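In the numbering used here, the protein residues as written are 9 to 117.
Where is the CB? At the ideal position from N, CA and C, for every residue including glycine.
Every value quoted in this text rests on a predicted model; they were computed, and no experiment measured them.
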């Protein structure tokens with residue numbers, strides 16, 4: 009159930025090349041974690057539980073950041089921390105909490 013991975017057209021086009029950019033592969037790694045963990049129950053839990061969203065995104069961003077670091081890439085942690093406090097992540101954290109969380113994930117990846 010729900011095992012399809014959706015990425016933007018530019019990421020998809022890059023992933024189809026012989027030598028995709030590390031960022032594109034990192035996005036795929038992130039989405040693979042979500043696809044592996046998805047079910048109807050977990051989808052509802054993701055929507056309803058802030059703590060569950062934090063746990064799931066921590067797993068997914070850990071996979072993504074490990075790939076980026078293996079390829080000496082950087083990531084805009086500040087932008088992501090801001091996104092965590094918006095509708096996109098269903099107001100998962102405040103900006104300050106998000107910045108602390110995402111910085112920890114980056115450092116430990």
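So residue i and residue j are supposed to be a Cβ contact under 8 Å. How far apart are they, rounded?
i: residue 98; j: residue 61; result: 6 Å
i: residue 117; j: residue 63; result: The Cβ separation is near 16 Å, so there is no contact.
i: residue 30; j: residue 79; result: 4 Å
i: residue 101; j: residue 95; result: So it is not a contact: roughly 13 Å between Cβ atoms.
i: residue 106; j: residue 92; result: 3 Å
i: residue 32; j: residue 23; result: 5 Å
i: residue 66; j: residue 85; result: Wrong, their Cβ atoms sit about 14 Å apart, outside the cutoff.
i: residue 13; j: residue 43; result: 5 Å
Among the options, whose alpha-carbon lies nearest the alpha-carbon of residue i?
i: residue 87; options: 103, 80 and 58; result: 103
i: residue 68; options: 114, 16, 12 and 20; result: 114
i: residue 48; options: 89, 11 and 90; result: 11
*Give a yes or no on contact between the segment 65-77 and the segment 36-44, applying the rule of three or more CB pairs nearer than 8 Å.*
yes
*Within the segment 31-100, note down every full alpha helix (DSSP H) run reaching 4 residues or more, in order along the chain.*
Fully enclosed alpha helix (DSSP H) runs of 4 or longer: 48-56, 58-78 and 85-92.
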